[in-house]
Amino acid sequence: MWRIGMNIFYDENIDLKIRLFYVLALTACIANTLGYLTNMLLYGMTAATLFPLFCAVIIYAASAYGIKTKKTKIPVVLILVICDLIEFPVLYCSYGFYRLSYMVLGIVATTLFLEDKWRIKGTSALILFDLVFIVWRQRDPAFFAAFAGKENMSSVVITFLIAGSSILMLLSTLLKQYTRQQKCLEEMTKDLRWMANLDPRTHLYNRRYLTQYLEEKKADGENAFSVVLLDIDDFKQINDTYGHMFGDEVLQTFSEILLKHMKGHGLVTRFGGEEFMLVFHTTDQNKIQQVLNGCADDFKEYGMSSKGKPLTFSGGASVFHGEDMLVKLFNYADERLYQAKNTGKRHVVYDV
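Its first residue numbered 1, the sequence shown is counted upward by one per residue in our numbering.
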């Protein structure tokens, strides 16, 4: 039962303002109920007893309205006015220092519930309002002696327990919300970073990620790797003949074929348009050609099964040398690709 009750305050599906209102309403109702019962036992049915009862009735009504309708603005204002401007000053003037904790609770609650444009002004005004009563009571104790209440240890303990637990619940609710928002923000940042590195059409890593990846390899001193720039042959003709829908399908299928055969061999990226760049962890031309042959066979078979015509690609390979700039590496691969395109296509030209 206790866990169910606490879930009301920490349930992330409930709006934060509503949860904070639950804390405010609960503690205000409990505090006034205990105040009424304590005074009833100590003094009987006197003004000191009727005062918290009167406040409790108003707070109960405001709390019930806010909980039922989920409209908390008016109930919050009513509860804070009753507590901050009437009840807490009266309790302090009657019982002195031991009721200061209620004033602190009122300041914390007011700070949390006021809108941004009123928060600093409203809280500052409340602090000054409380200071007036604190200084007044210290300067003129005789004036307050006539209606000062009799303090006892039980009421002091109850006061600190109520004020302390209320502040704890308010702050823990806020901290839990803050932690949740931080976690969501971190996840969103991670997702955005991941999306920024992906090509939306093929879901391969894009040129941005490729550059970052190669810069890291270079910084780590890895010199034994190669890049191969691939270009789908006659892709414009494919689009013109079969339409852009099929063109997109070709790009996606080619991406899947590359991923299948490059598994364990390196990285697959979309370089732009119908161009793709592969990063191999090796400089062994035979191993690279073996992977590319598998890609070529699958791509040819896909073309035959879908349109009765083989689909092919050309490529240019370049080996990274430690002193090279990445732009130079890309240019070498692009030059080899150009050679392949001008010498019959359907093959890969390697860096000599």
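Even glycine gets a Cβ: it sits at the ideal position worked out from N, Cα and C. For clarity, every value in this text was computed on a predicted model and none was experimentally measured.
| Item | Value |
| --- | --- |
| Helix, strand or coil, according to DSSP, for GLU115 in the structure here? | coil |
| Would you call VAL327 buried or exposed, if buried means 16 or more other Cβ atoms sit within 10 Å of its Cβ? | exposed |
| Three or more beta-carbon pairs under 8 Å between the stretch 238 to 250 and the stretch 336 to 343, yes or no? | no |
| I need the DSSP call for PHE320, collapsed to helix, strand or coil. | coil |
| For SER226, which of TYR205, VAL268, THR241, TRP194 has the nearest alpha-carbon? | VAL268 |
| Roughly how many angstroms separate the alpha carbons of ASN32 and GLN181, rounded to a whole number? | 34 Å |
| Let me know the secondary structure DSSP gives GLY315 once reduced to three states. | strand |
| Sort out for me which residues DSSP pairs ASP231 with in a bridge. | GLU275, SER314 |
| Taking C-beta to C-beta, are ALA317 and HIS281 nearer than 9 Å? | no |
| Here's the rule I'm using: 16 or more other beta-carbon atoms within 10 Å means buried, otherwise exposed. How should ARG99 be labelled? | buried |
| From LYS345 to GLY264, what does the alpha carbon distance come to, in whole angstroms? | 27 Å |
| What are the partner residues of THR269, as DSSP defines its beta bridges? | TYR205, MET277 |
| Decide if PHE113 is buried, meaning its Cβ has at least 16 other Cβ atoms within 10 Å, or exposed. | buried |
| Which whole-angstrom value is the C-beta distance of ILE86 and ALA62, which I expect to be below 8 Å? | Wrong, their Cβ atoms sit about 14 Å apart, outside the cutoff. |
| Would you list the one or two residues that DSSP bridges to VAL348? | GLY315 |
| Please go through the same chain and pick out, in chain order, the residues whose beta-carbon is closer than 6 Å to the beta-carbon of SER166, but skip the five residues on each side of it. | THR27, LEU105 |
| Should THR49 be labelled buried (16 or more other beta-carbon atoms within 10 Å of its own) or exposed? | buried |
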